[in-house]
Structures are given as C-alpha cells and as structure tokens.
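Converting from the sequence shown to the numbering used here requires adding 31 to each position, the first position being numbered 1.
Contents: one structure, followed by commentary.
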Amino acid sequence: MKILSAKQVRAVDAYTIDREPIASIDLMERASMACFKWLIEKYAKDRPFIIFCGLGNNGGDGLAIARLLSEKGYKVEVHIVRYSDVQSKDFQTNLARLKKLKSVSIIYNDEEHMWDGILIPAESIIIDAIFGSGLSRPVSGFPRELINTINHCTVDVVAIDIPSGMFIEQNDRKLHKNMVHATWTLSLQLPKLAYMFADNAAIVGNWVLIPIGLHEAGINAQKSDYQFITTSDAASLMRTRDKFDHKGKFGHSLMIAGSKGMMGAATLATKACLRAGSGLVTALVPSIGYGIIQTAVPESMALADVDTDCVTRIPKLDKYSSIAIGPGIGDNQKTERALKHLIQNTGVPLVIDADAINIMARNKTWISFVPANSIYTPHPGEFARLIDWNETGYDLLKAQMDFSKKHGVYVVLKGMHTSISCPNGICYFNSTGNPGMATGGSGDVLTGIIAGLLAQQYGPRDACILGTYLHGIAGDLAADQKGQHSLIASDIIEFLGAAFKSTYS
C-alpha cells in the first residue's frame, strides 16, 4: 500500500472526482459516512460529541459527521474555528446542510470569542476537524491556544485524517505541543508517513485506515518511495511447495551465533531459521555451546569453533545458501577478526545483526567490504552507532535510506513500524507486531526468519518484507493467547507456523 504526500493525495482526490465521476461534495459525504460508521461502532449513544471544525475541507468533513451523528440521535455540539475569512466551497455546503438541523448547537470561535461555549464534559468525545493534511505552516494565534486547551482535556479525541497541526511527513518535535494529541486518528484511505515514527506516537495515538473509495488507478499512477506492508502484500510473496520437493530444495543456512553466556541468542535464531522453512540449518558456535545447540535444537546441525568461549574461525562457505552472523557473538577481538574474514571472503548476501553490527560500528571502513544486497537488522541504538547519527523520526529515515543506496544493502530498522530500506531507494513499513515483542531475543528470531527465507531463494527484498511481516504476525498471535506482558521470544517461534497459515489464507 502506497504512502503518499499531501500533494499526491489531492491529485488522487481530483482523479477520483474526474474519473468515477463523483462531485467533490459527494466524495466528502462518502468519507464522512465512513468515519461516522466507525464512530458509532466505537461510542455509545449516551456519549456527546464536541466537534471542532476549521474552514477547509477537513472542517467540511467534521460538519458532515456532525449532521450524520445528530440524525442518528447523538448529542452534538459544533465549534467553528474562524481563523480566516476564506471557506472552502464544500465546507459552505455542509454548513448550510447542518444549519437545517435544529438539534445541533453551532458556536463560532475566533480571536475575540476564543472560549465561547467551550465546556468539555468528562463523558464527551472531541472530534478534531480543524486542519487537514494540506497544512503548510505551523499553527499560530488563537487556533494554537485552542489546540493547547484540547490537549489538556482528559477525554477521547478523534482526529479526522490527521491531527490538526501535524504535517503529513516531517514534523518538528519542538512544535508537538501545538498539535492536537489524538486518542484515535482516522486516516482516510491511505496511511501517512508521519504515522510511522515513534516520535509522533503521542500525537497520532491509535490510527486506523478508513477506506473512502478513492480510485485505484489514481493511486497506482502516483509514484512513492514509501510503502506500507499489508496482508495481501505479504501473501503475494509466499510460495507453495510441490509434493515432490525435498529438503535440498529449500536451502542450507549457516547461523554464526553465540558466545559464553549468550547461547540463548544462538538457540533462538537457529530454531527460527528452521521454523521459517530452511531445508537445513548449521549453527557455528563456540565449543562451550556445542552441546547446548545440539540439545536445544536437535533438528539443526552444529559446528564447534576451536575456541571455547567465542567464534573465531569461519568454515568453508560454498555449501551454504544463506549466512547470518551476530546473535549473541559478543565483541571479542578474535570474533572481530572472524567477522572481517567473513565479509571479505564471501559474495553471498549476509544477514548482519546485533553484536556483528556493533563490531562494524567500531570498524566503519569494513562497511565497504560487505557483499551487495546484504541485510542489516539493527535496533535504533545499533544503527545510530553504525552511522554516527543521533536524530530520530524523519531525519533518521532519510539517513537509513541514504545508507542503503550508498552501500547497496538493505536495512531492517526494528521498531513499532519496522522500516525496510532498499538499495533502489524504496522504503517499506511493517504493519504487524505489538509492544509485547519488546523483549530479549525477539531480534534474534527475526534474524533467523530472514535467513531461513533467503535460504529458500527468496530475494533479499522479499525476505525482509515477508520475514518482518511474519515475525510481527507471530507476535500478534502469541499476544492474543498469552498477553503482551508475558510474551517471550520463543513464543514468536511457537506461533510462526500459525503466522504462515494466516497470511497465506
């Protein structure tokens, strides 16, 4: 699913109006009806709605929603925020329609009458329809004061399409106080780039997609560097197995993992690699971990390093179809030399995770030796060390995408909406997963899944997209059964089979 800019969204609106064809006021009605249906499913009739409307089309949506709620029997109060003398045509039309209803109180707020009629009962719901995605400058003046007042209320706030004051892509954290802090955001048809960043979580709240019937051809005509991974996207990548297939058909993975005290990471990554479908998996571990891996993952093969406590030597690599390194390997200098030998002596794309990334961060000249199309799977702290970067949000995303293009690699930057940057300049955001997965070993499981898919001849891009999606779905299924608070990394592996089934079906 594409993530578009504000300009592109307006182009899709215009395309829909022209090609469907449909009048703009009727498209607004369709969008408002979709939001209305979500609201009445969420909130009982005894909850009054207080709707703040700007003067543009976002405000027009709010007016239409007010009318629909009132006609359904909800108590509705509308505040029109007069920050200008200019009103959109569709706003005017919906205001005229709303005025025909005697049941709706309409109050005008401006610089001189900023607080007129503003009383927010504890049981009420605020609808934010002041500013939409077309906002071009930070909010100032009395609308900013009004937004600050809304943010001090302790009731649910539902933003229509985007919280007022927020820009669709890049936002300055210093201005967050001048943006509506929504409990829910109803994103019309498509997600917004700003919703992908942890920095903006307090602004966006929980966001849901509200389909409004925008023309598919109009969406397809827009080029975008940003994509949101849906179930259908992931399902389209999955392959069936032929009844005559055998384990040799599904590749052989080498998992270089573990050190003294960190064999759990090796166990998790190896088991996840098998569960992801790799035909064979060999774990290269320090000799202290040989018995552990053989016992914990009997389906795998194992190679014991000559060193007791850490990995120091890389075996011949010609029989392996995927190679992953990093989970639990530690930062011993002998391991550091082994990593350097690996990246300089293989042409196979690598999956580089955890301690391997930290070693690379200390030896940045090695980055240029990493085989093309390799995959880094850092968390934000590891990636910050790798590229010497302290920014977050949009700026971090740009740095991530630049790194992928410059070095011809994939970066799977783990988070709520894990971002997958590709060498071709496209970035994919994951739609699955939950906070319960923020637990030790979860990243090791992801490394194993991606390595397992690579072994089966999934391309690096597809392995990243499908692996990240399945990792999140497995975590969601595990959380449904066990709860987020009790989730552990091995639960993700346990539910990986169910994740495959649910995605494929």
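Just so it is clear, CB atoms sit at the ideal spot from N, CA and C, and this is done for glycine as well.
Owing to the predicted nature of the structure, the values given are computational and were not obtained by experimental measurement.
Out of Cys184, Asp147, Ser155 and Arg61, the CA that lies nearest to the CA of Phe173 is found in Asp147.
Just measuring C-alpha positions, the residue of Ala65, Gly104, Ser171 and Cys458 sitting nearest Lys133 is Gly104.
A straight line joining the alpha-carbon of Ser435 with that of Leu444 spans about 11 Å.
Counting only unbroken stretches of 4 or more residues, the alpha helix (DSSP H) elements lying wholly within the segment 44 to 105 are 55 to 73 and 88 to 102, in sequence order. Taken in chain order, the complete alpha helix (DSSP H) segments of 4 or more residues contained in the segment 161 to 199 are 172 to 182.
Excluding residues up to 5 positions away in sequence, Leu497, Tyr500 and Thr534 lie with their Cβ nearer than 6 Å to the Cβ of Ala265 in the same chain. Put simply, the segment 460 to 477 touches the segment 371 to 387. At least three CB pairs are less than 8 Å apart. Around the beta carbon of Asn376, fewer than 16 other beta carbons sit within 10 angstroms, so the residue counts as exposed. Close CB contacts of Ile319 within its chain, under the 8 Å cut and outside five residues either way in sequence, are with Lys291, Met294, Thr339 and Asp340 (chain order). Assigned with DSSP and collapsed to three states, Phe281 falls in helix. DSSP, read as helix, strand or coil, puts Glu143 in coil. For Tyr500, the enclosing alpha helix (DSSP H) has its first and last residue at Pro491 to Lys513. The distance from the Cβ of Phe460 to that of Met197 is about 17 Å, inconsistent with a contact at the 8 Å cut-off. Met32 sits close to Gln258, with the two beta carbons spaced by under 8 Å.
Pairwise C-beta distances place the segment 439 to 459 out of contact with the segment 296 to 315, as fewer than three of them are shorter than 8 Å.
In this structure, the beta-carbon distance from Ile481 to Ala494 falls below 8 Å.
Gly244 and Ala160 do not touch by the CB rule: their CB atoms are close to 20 Å apart, not below 8 Å. Of the residues assessed, His110 falls on the buried side of the cut-off, its CB having 16 or more other CB atoms within 10 angstroms.
The secondary-structure analysis by DSSP pairs Tyr257 across a beta bridge with Cys458. Inter-residue distance for Ile234 and Val43 is about 26 Å (C-alpha atoms, whole angstroms). Going by DSSP, Ala333 is part of the beta strand (DSSP E) stretching over Met332 to Ala335. Secondary-structure assignment with DSSP links Asp276 through no beta bridge to anything.
When only Cα atoms are considered, Ser101 and Val135 end up about 7 Å apart. Looking at the backbone, the Cα of Pro380 and that of Thr271 are separated by about 24 Å. Per DSSP, His110 is one residue of the beta strand (DSSP E) stretching across Val107 to Val112. In the DSSP assignment, Leu427 falls within the alpha helix (DSSP H) that extends over Gly424 to His438. CA-CA distance, Thr463 to Arg393, rounds to 32 Å. By a beta-carbon distance limit of 8 Å, Pro222 contacts Ile34. Their separation comes to about 6 Å.
Taking Pro317 as the centre and dropping the five residues before and after it, the same chain places the C-beta of Gly289, Ser290, Lys291, Asp336, Asp338, Thr339, Asp340, Cys341 and Val342 closer than 7 Å to its C-beta, in chain order. DSSP links Ile138 through a beta bridge to His110. The three-state reading of DSSP puts Ser533 in helix, counting H, G and I together. Annotation: the continuous beta strand (DSSP E) that includes Ile356 extends over Ser353 to Ile356. Each residue's CA atom was taken as its position, placing Ala510 and Leu373 some 37 Å apart. Counting C-beta atoms within 10 angstroms of its own C-beta, Asp121 has 16 or more neighbours from the protein chains shown and is therefore classed as buried. If you draw a 10 Å sphere on the C-beta of Ser353, you find 16 or more other C-beta atoms in it, and that means buried. Under the DSSP assignment, Thr216 falls outside any alpha helix (DSSP H), being part of the beta strand (DSSP E) whose first and last residues are Trp215 to Leu219.
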